[in-house]
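Asks: Below: one structure in structure tokens.
4 protein chains.
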Amino acid sequence: MKLKKDDSEGIPNDLPSNLVDRDNTKVDTVINVNGINIGGGDIVVIAGPCAVESRDQLLDTARQVSGYGANFLRGGAFKPRTSPYSFQGLGEEGLQYLSEARELTGLPIVTEVMDTREMEMVCDYTDIIQIGSRNMHNFPLLKEAGKCRKPILFKRGLMATIDEYLMAAEYILKGGNDQVILCERGIRTFETSTRNTLDLSAVPVLKQKTHLPVIVDPSHGTGHRWLVPIMAKAAVVVGADGIMVEVHNHPEEALSDGMQSLYPEGFAQMMKEMEILAHAIGKEIFHLKHQPA
Amino acid sequence: MKLKKDDSEGIPNDLPSNLVDRDNTKVDTVINVNGINIGGGDIVVIAGPCAVESRDQLLDTARQVSGYGANFLRGGAFKPRTSPYSFQGLGEEGLQYLSEARELTGLPIVTEVMDTREMEMVCDYTDIIQIGSRNMHNFPLLKEAGKCRKPILFKRGLMATIDEYLMAAEYILKGGNDQVILCERGIRTFETSTRNTLDLSAVPVLKQKTHLPVIVDPSHGTGHRWLVPIMAKAAVVVGADGIMVEVHNHPEEALSDGMQSLYPEGFAQMMKEMEILAHAIGKEIFHLKHQPA
Amino acid sequence: MKLKKDDSEGIPNDLPSNLVDRDNTKVDTVINVNGINIGGGDIVVIAGPCAVESRDQLLDTARQVSGYGANFLRGGAFKPRTSPYSFQGLGEEGLQYLSEARELTGLPIVTEVMDTREMEMVCDYTDIIQIGSRNMHNFPLLKEAGKCRKPILFKRGLMATIDEYLMAAEYILKGGNDQVILCERGIRTFETSTRNTLDLSAVPVLKQKTHLPVIVDPSHGTGHRWLVPIMAKAAVVVGADGIMVEVHNHPEEALSDGMQSLYPEGFAQMMKEMEILAHAIGKEIFHLKHQPA
Amino acid sequence: MKLKKDDSEGIPNDLPSNLVDRDNTKVDTVINVNGINIGGGDIVVIAGPCAVESRDQLLDTARQVSGYGANFLRGGAFKPRTSPYSFQGLGEEGLQYLSEARELTGLPIVTEVMDTREMEMVCDYTDIIQIGSRNMHNFPLLKEAGKCRKPILFKRGLMATIDEYLMAAEYILKGGNDQVILCERGIRTFETSTRNTLDLSAVPVLKQKTHLPVIVDPSHGTGHRWLVPIMAKAAVVVGADGIMVEVHNHPEEALSDGMQSLYPEGFAQMMKEMEILAHAIGKEIFHLKHQPA
Chain A
874 MKLKKDDSEG IPNDLPSNLV DRDNTKVDTV INVNGINIGG GDIVVIAGPC AVESRDQLLD
934 TARQVSGYGA NFLRGGAFKP RTSPYSFQGL GEEGLQYLSE ARELTGLPIV TEVMDTREME
994 MVCDYTDIIQ IGSRNMHNFP LLKEAGKCRK PILFKRGLMA TIDEYLMAAE YILKGGNDQV
1054 ILCERGIRTF ETSTRNTLDL SAVPVLKQKT HLPVIVDPSH GTGHRWLVPI MAKAAVVVGA
1114 DGIMVEVHNH PEEALSDGMQ SLYPEGFAQM MKEMEILAHA IGKEIFHLKH QPA
Chain B
874 MKLKKDDSEG IPNDLPSNLV DRDNTKVDTV INVNGINIGG GDIVVIAGPC AVESRDQLLD
934 TARQVSGYGA NFLRGGAFKP RTSPYSFQGL GEEGLQYLSE ARELTGLPIV TEVMDTREME
994 MVCDYTDIIQ IGSRNMHNFP LLKEAGKCRK PILFKRGLMA TIDEYLMAAE YILKGGNDQV
1054 ILCERGIRTF ETSTRNTLDL SAVPVLKQKT HLPVIVDPSH GTGHRWLVPI MAKAAVVVGA
1114 DGIMVEVHNH PEEALSDGMQ SLYPEGFAQM MKEMEILAHA IGKEIFHLKH QPA
Chain C
874 MKLKKDDSEG IPNDLPSNLV DRDNTKVDTV INVNGINIGG GDIVVIAGPC AVESRDQLLD
934 TARQVSGYGA NFLRGGAFKP RTSPYSFQGL GEEGLQYLSE ARELTGLPIV TEVMDTREME
994 MVCDYTDIIQ IGSRNMHNFP LLKEAGKCRK PILFKRGLMA TIDEYLMAAE YILKGGNDQV
1054 ILCERGIRTF ETSTRNTLDL SAVPVLKQKT HLPVIVDPSH GTGHRWLVPI MAKAAVVVGA
1114 DGIMVEVHNH PEEALSDGMQ SLYPEGFAQM MKEMEILAHA IGKEIFHLKH QPA
Chain D
874 MKLKKDDSEG IPNDLPSNLV DRDNTKVDTV INVNGINIGG GDIVVIAGPC AVESRDQLLD
934 TARQVSGYGA NFLRGGAFKP RTSPYSFQGL GEEGLQYLSE ARELTGLPIV TEVMDTREME
994 MVCDYTDIIQ IGSRNMHNFP LLKEAGKCRK PILFKRGLMA TIDEYLMAAE YILKGGNDQV
1054 ILCERGIRTF ETSTRNTLDL SAVPVLKQKT HLPVIVDPSH GTGHRWLVPI MAKAAVVVGA
1114 DGIMVEVHNH PEEALSDGMQ SLYPEGFAQM MKEMEILAHA IGKEIFHLKH QPA
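Protein chains in written order, with the working numbering: chain A, 874 to 1166; chain B, 874 to 1166; chain C, 874 to 1166; chain D, 874 to 1166.
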């Protein structure tokens, strides 16, 4: 491609349509992981603790979210934390517990990578690689993700416009990996009642602009446990292809994000309510249809 | 009340609970207008043009939204416009057309007041008085609204935190008028794909903090016609007591807000979809239950 | 003027240049009040308490700021306050104290009007009428200001773009009053270390777009006393035509804005430092040149 | 250190004071690079192109900024770009040209690192390592910077509060590198007249909270060439220890940031004006005192 003079960091307007554009790929991208379709019409649910804190914590939480119908287990082994004195994650030990939890429950796993040097290793352990909000503009990491053979769950930066977000996803597709799942997780605004402002209109806007699947993370989007199920249901209604929520077997003891983590029972209740709304709009929560009760 | 030293414009913390607080009034406020309950569990729908442009435009639009199930007719006679060269509204002539539309359709009317000097006159014509986003901190107007004998539809400022918004509503209640309907209509953020960012989590947050009814305006919240029904449905799901939407009989000819105004047929379709979601959460769109078809 | 279809609240682009535009009026507007020029190259200083709280408080503060070189006395008689339980101002009694302070010190006065019904009265008492941030989009008030025979100190709304701000000023000019002084006073952002984020680049941007004088309010812009002189000096350097600061004879007892109010001695010190910077860029603080020491 | 339960991503409050805190280190940190002190009272100037585009472009620009008094040469070899189709930098070839420019001019160099895998290599070439806004929360990179033997020019994220910014700097200090230079470069707001909103009050706020030196980047802070010198001067006045500006020998041909890049002659003019202001507040532009003309 010819180099282009570009007077700003703005998005070039005179290029042929990008790989992420719906104009370029009319058919919705469906990402199949172990038989579970993300973007295929049904709604997938990713659940688990913010951080893998211990073998017991993870396995117990995994068993419970699996029992209540989650399709994927989430859990962070490498944690981006505002303070260097906060818990930073268990590293590879955490990845091993995630593997063990997968064997135990059959749930494919989603975990975050933060460092280009760890992409290979994380890729070996996980089924879906998460790139978090703070790394939305970590371009070397996006380029590595482009070479990766696993799907990427790619979260919106908390101060990224939708166009910037799509151009960042373009790095991954351009690199050769078209298995990208977008995730709205709240943007930073002046409002302080919620941790972020969950931008639910971003879901239909993204679905109009791109063929990639879009999920919603109401845990980070709100920061408060009681708001999570309410916003999860709204996410279903605005057309999200899935939900990612934090669930902890003992939120009051969590090393991170305890206030926004669901109790397992709260997760179970949310699943039932989401199912009712999914049915109302002619959709299914993935597992309820495809898995034996 | 004793004067209090207050080092900032911040909200005083050492006061007895405010009139707007749920702690102060445990029972949800229900506002009855001509037999229609706002806040009573069912969902009300306020529809009509941004501005009253002519007798024909208003009566035609009114007839159509009434036929499709709206509970209230909205329409601005006094219009707050960014530019002094934009259409400023028909003034009292517009209020007369609104009265005529009410006689024709039986729909109670909602219209905005911007000037303390016009409060009396607008109050004589309308069933619900709207105070718009730009006047959320127009304290003399709020004080007049406090003396008013009609319910106030009070929109959140596009730059207002939820706490500031509730303290502004407090002006109206303190003035003697406890018939206040809150309305989330989008906040200003850095995102430009939508006109504002509709803060749907504000609905449950408001419902937790106050006993006042809360409705949502997805027209201003998104700025795009196609997004309005999607976000209206999400508003129902997060617990809104009603929806206010702009409908125009010929949006492409509208003197304001044409891009975000629904066609009457789009409004009809939205009503059907909203009804399905209302039923899914055990609610009704008001008219469907109480009015003869 | 022909009505124009306008699909949004956006600013129309196809109009002849507006009255506020520099393209329309090449020469800088200079506003003369009692022999003091605002916009004429020298820097004016407006100082005084946030609110007029008592005769003693005002006269004492007025005497002191006058002695230290202020050109105008500010003080609010009608106060826009977030909470209805905060001090709301003394009303006309406050205006009378301001008149008395003018007689005592010779300083012309600046005070805020919030209600169209009070424009006439405030106009009778004051030399410059202030329209505050919260009323930047109070269009009936702007229209009254357009008919007013006194200069208008017109503050930027805390979430208004520069273009919206100028279109709001256009209301006043279009109404017939071309004596408008613009005032940057901080915008709302996500940052919480300061009360607002003082947007100093707005000063040269405004000076480029319009012929109107521009002043800066570092008191509201920062919310902290110790930051006020620092940002006042920077305001001089970026080209502001003046500064408006809050000074209180006993800030620790102020009924509003105490934390951001200068002590009289701090004001005196700020004036000396501002003078040095004004000289460095070839300007003067107004009084130092024109008044006898 | 004992692990701490932390219910949010918030900054823990119950820790002993952090390494970045002024309470912890009363004396201002002064960073000496080749005899040039950053933070020692004088003002340093870092100048050069956004990106190293070619040997000629860099050497020509370097010669000019050196001639006009810059203390450091900046230039990006690894470029974070919104679009993958924009120029991504010359990589190690760019670093080699920077070395050559250093030999030619004697100016120490500042260049950005984006990838943990490249920290070692960039560290070998450069005198100061830059970590850009988009990587402010790239924690693995911050940890590598902590092990690095070169000073870190660490830019504020465009969405970061001052407290978050300082906690991110804490990662570098905790890692063992106390040679950190902070840099305010504008934050994202709703305003669109400027590329970002340069938060100049952040300079005194940072200087109060931390002992680290603070510089300002008015090029990214404004996005417009004509605003750069104005805001650079204001930065001097609010207490910045230095300025970083983009200068290109042919801005109209720049592959990135051309609109905000100074012409060499504009840079020369800015230096003269900055010197006047530095003198007015009792400071010097570093080179003018210490280097032979």
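Just so you know, even glycine gets a beta-carbon here, dropped at the ideal spot from N, CA and C.
Restricting to Cα atoms, I'd like to know which of A:915, A:1033, A:931 and A:1037 is closest to residue 922 of chain A.
Replies: In the first sequence, counting from the first residue as 1, residue 922 of chain A sits at position 49. Nearest C-alpha to residue 922 of chain A: A:931.
Asks: Please list the partners that residue 1077 of chain B has in chain A, where partner means a Cβ-to-Cβ separation under 7 Å.
Replies: Numbered from 1 along the second sequence, position 204 holds the residue referred to as residue 1077 of chain B. Simply 1100 and 1103.
Asks: What residues from the segment 1059-1092 of chain C come within 9 Å of chain A, judged by C-beta to C-beta, listed N to C?
Replies: Listed by position along the chain: 1061, 1062, 1063 and 1065.
Asks: Give the interface partners of residue 1110 of chain C over in chain D, defined as CB-CB distance under 7 Å, in chain order.
Replies: As a first step, residue 1110 of chain C must be located in the third sequence, where it is residue number 237. Going along chain D in sequence order, the residues near residue 1110 of chain C (Cβ under 7 Å) are 1106, 1107, 1110 and 1150.
Asks: Which residues of chain C have a Cβ atom closer than 7 Å to the Cβ of residue 1028 of chain B, listed in chain order?
Replies: Here residue 1028 of chain B corresponds to residue number 155 of the second sequence, with the count starting at 1. Near residue 1028 of chain B there are no residues of chain C at all, since even the closest Cβ is about 13 Å away, more than 7 Å.
Asks: Using 8 Å for Cβ pairs, my map puts residue 936 of chain A next to residue 977 of chain A. What's the rounded Cβ distance?
Replies: Position 63 of the first sequence, counting from 1, holds the residue named residue 936 of chain A. Position 104 of the first sequence, counting from 1, holds the residue named residue 977 of chain A. Right, their Cβ atoms sit about 7 Å apart.
Asks: What are the uninterrupted segments assigned as beta strand (DSSP E) that are 3 or more residues long and contained completely in the segment 1073-1120 of chain C, given in chain order?
Replies: If we require 3 residues or more, the beta strand (DSSP E) runs fully inside the segment 1073-1120 of chain C come out as 1087-1089 and 1115-1119.
Asks: Taking the C-alpha atoms as reference points, what is the distance between residue 1039 of chain A and residue 1010 of chain D?
Replies: By one-based count along the first sequence, residue 1039 of chain A stands at place 166. By one-based count along the fourth sequence, residue 1010 of chain D stands at place 137. Those two C-alpha atoms are separated by around 20 Å.
Asks: Using DSSP with H/G/I as helix, E/B as strand and the rest coil, what is residue 947 of chain D?
Replies: The residue given as residue 947 of chain D occupies position 74 in the fourth sequence. Correct three-state label for residue 947 of chain D: strand.
Asks: How many angstroms separate the CA atom of residue 1144 of chain C from the CA atom of residue 1029 of chain C?
Replies: Working through the third sequence from its first residue, we reach residue 1144 of chain C at position 271. Working through the third sequence from its first residue, we reach residue 1029 of chain C at position 156. If I take the Cα positions, the gap works out to 24 Å.
Asks: Buried or exposed, going by whether 16 or more other CB atoms sit within 10 Å of the CB of residue 890 of chain D?
Replies: Numbered from 1 along the fourth sequence, position 17 holds the residue referred to as residue 890 of chain D. When all chains shown are included, residue 890 of chain D counts as exposed.
Asks: Might you give, ordered along the chain, the residues of its own chain that have their beta carbon closer than 8 Å to the beta carbon of residue 971 of chain A, omitting 5 neighbours on each side?
Replies: Translated into positions along the first sequence, residue 971 of chain A becomes position 98. 925, 931, 946, 948, 950, 982, 984, 998 and 999.
Asks: State the DSSP-derived secondary structure class of residue 1154 of chain A, mapped to helix, strand or coil.
Replies: The sequence position of residue 1154 of chain A within the first sequence is 281, counting from 1. Of the three classes helix, strand and coil, the one that applies to residue 1154 of chain A here is coil, per DSSP.
Asks: Just reading off the alpha helix (DSSP H) that residue 1060 of chain B is part of, what are its end residues?
Replies: Within the second sequence, residue 1060 of chain B is the residue found at index 187, counting from 1. Residue 1060 of chain B -> no alpha helix (DSSP H), and no H or E assigned at all.
Asks: Compute the Euclidean distance between the alpha carbons of residue 1109 of chain C and residue 1111 of chain D, then round it to the nearest angstrom.
Replies: Counting from 1 along the third sequence, the entry for residue 1109 of chain C is found at position 236. Counting from 1 along the fourth sequence, the entry for residue 1111 of chain D is found at position 238. Answer to the nearest angstrom: the Cα atoms are 11 Å apart.
Asks: Mind checking whether residue 1015 of chain C and residue 1107 of chain D have CB atoms under 7 Å apart?
Replies: Along the third sequence, read from residue 1 onward, the residue named residue 1015 of chain C stands at position 142. Along the fourth sequence, read from residue 1 onward, the residue named residue 1107 of chain D stands at position 234. No, the Cβ-Cβ distance between residue 1015 of chain C and residue 1107 of chain D is not below 7 Å.
Asks: Shorter than 7 Å from the beta carbon of residue 994 of chain D to some beta carbon of chain A?
Replies: By one-based count along the fourth sequence, residue 994 of chain D stands at place 121. No, its Cβ sits nowhere closer than 7 Å to a Cβ of chain A.
Asks: Could you tell me which whole alpha helix (DSSP H) segments of length 4 or greater appear in the segment 970-1052 of chain C?
Replies: Segments of the alpha helix (DSSP H) lying fully in the segment 970-1052 of chain C: 992-998, 1012-1020 and 1035-1047.
Asks: Going by C-alpha distance, which of A:1055, A:991 and A:955 is nearest residue 965 of chain A?
Replies: If you number the first sequence from 1, residue 965 of chain A lands on position 92. Per the Cα distances, A:991.
Asks: Is there a Cβ from chain B that is less than 7 Å from the Cβ of residue 998 of chain C?
Replies: Locating residue 998 of chain C in the third sequence gives position 125, counting from the first residue. Chain B contact via Cβ: absent.
Asks: Tell me which residues share the same chain as residue 1117 of chain D and place their Cβ nearer than 7 Å to its Cβ, disregarding the 5 neighbours each side in the sequence.
Replies: Along the fourth sequence, one-based indexing puts residue 1117 of chain D at 244. Excluding positions up to five away in sequence, the list reads 919, 947, 1056, 1088 and 1090.
Asks: Leaving out five residues before and five after residue 1032 of chain A in sequence, what residues of the same chain have Cβ atoms less than 6 Å from its Cβ?
Replies: Residue mapping note: residue 1032 of chain A aligns to position 159 of the first sequence, counting from 1. Closer than 6 Å at Cβ, skipping near neighbours: 1061.
Asks: Taking the alpha-carbon positions, what's the residue 1037 of chain D to residue 1070 of chain D distance?
Replies: Walking along the fourth sequence from the start, residue 1037 of chain D turns up at place 164. Walking along the fourth sequence from the start, residue 1070 of chain D turns up at place 197. Spanning the two alpha carbons is a distance of roughly 18 Å.
Asks: Tell me which residues of the segment 904-938 of chain D have at least one Cβ-Cβ distance to chain C shorter than 8 Å, keeping chain order.
Replies: Under the 8 Å Cβ criterion, the segment 904-938 of chain D contributes no residue.
Asks: Please classify residue 1081 of chain D as buried or exposed, where buried requires at least 16 other C-beta atoms within 10 Å of its C-beta.
Replies: Stepping through the fourth sequence from its first residue, residue 1081 of chain D is reached at position 208. With fewer than 16 Cβ atoms within 10 Å of its Cβ, residue 1081 of chain D is classed as exposed.
Asks: Out of C:1006, C:1008 and C:994, which has the shortest C-alpha to C-alpha gap to residue 1021 of chain C?
Replies: The count along the third sequence starts at 1 and reaches residue 1021 of chain C at position 148. The candidate whose alpha carbon is nearest that of residue 1021 of chain C is C:994.
Asks: Locate the alpha helix (DSSP H) running through residue 938 of chain D, then write down its first and last residues.
Replies: As a working note, residue 938 of chain D is residue 65 in the fourth sequence. It spans 928-940 - the alpha helix (DSSP H) in which residue 938 of chain D sits, taken as one unbroken run.
Asks: Put residue 924 of chain D into one of helix, strand or coil per three-state DSSP.
Replies: Position 51 of the fourth sequence, counted from the first residue, corresponds to residue 924 of chain D. Here residue 924 of chain D sits in strand by DSSP.
Asks: Hey, residue 1151 of chain A and residue 916 of chain A are a contact pair by Cβ (cut 8 Å); roughly how many whole angstroms apart?
Replies: For the purposes of this step, residue 1151 of chain A is identified with residue 278 of the first sequence, where counting begins at 1. For the purposes of this step, residue 916 of chain A is identified with residue 43 of the first sequence, where counting begins at 1. Yes, residue 1151 of chain A and residue 916 of chain A are in contact; Cβ-Cβ is about 6 Å, under 8 Å.
Asks: Quick one: does residue 1035 of chain B have its CB under 7 Å from some CB of chain A?
Replies: Locating residue 1035 of chain B in the second sequence gives position 162, where the first residue counts as 1. Closer than 7 Å to some Cβ of chain A, the Cβ of residue 1035 of chain B qualifies, so yes.
Asks: Quick one: list the residues of chain A neighbouring residue 1032 of chain B, beta-carbon separation under 8 Å, in chain order.
Replies: As a working note, residue 1032 of chain B is residue 159 in the second sequence. Within chain A, the residues near residue 1032 of chain B are 1063.
Asks: I'd like to know if residue 984 of chain B contacts chain A, where contact means its C-beta is closer than 7 Å to some C-beta of that chain.
Replies: For the purposes of this step, residue 984 of chain B is taken as residue 111 along the second sequence, with counting starting at 1. It does not; no Cβ of chain A falls within 7 Å.
Asks: Can you name, in chain order, every residue of its own chain whose Cβ lies under 8 Å from the Cβ of residue 895 of chain D, other than the five neighbours on each side?
Replies: Within the fourth sequence, numbered from 1, the residue matching residue 895 of chain D stands at position 22. Answer for residue 895 of chain D: 1081, 1082, 1083 and 1084, listed in chain order.
Asks: How long is the line joining the alpha carbons of residue 933 of chain B and residue 1122 of chain B, rounded to whole angstroms?
Replies: Within the second sequence, residue 933 of chain B is the residue found at index 60, counting from 1. Within the second sequence, residue 1122 of chain B is the residue found at index 249, counting from 1. Distance between the alpha carbons of residue 933 of chain B and residue 1122 of chain B is about 7 Å.
Asks: Quick one: give me the first and last residue of the beta strand (DSSP E) that residue 906 of chain B is part of.
Replies: What you label residue 906 of chain B is simply residue 33 of the second sequence in a count that begins at 1. Here the beta strand (DSSP E) through residue 906 of chain B covers 904-906.
Asks: Determine, for residue 1153 of chain B, whether the minimum Cβ-Cβ distance to residues of chain A falls below 7 Å.
Replies: For this step, residue 1153 of chain B is matched to residue 280 along the second sequence. Cβ-Cβ to chain A under 7 Å: yes for residue 1153 of chain B.
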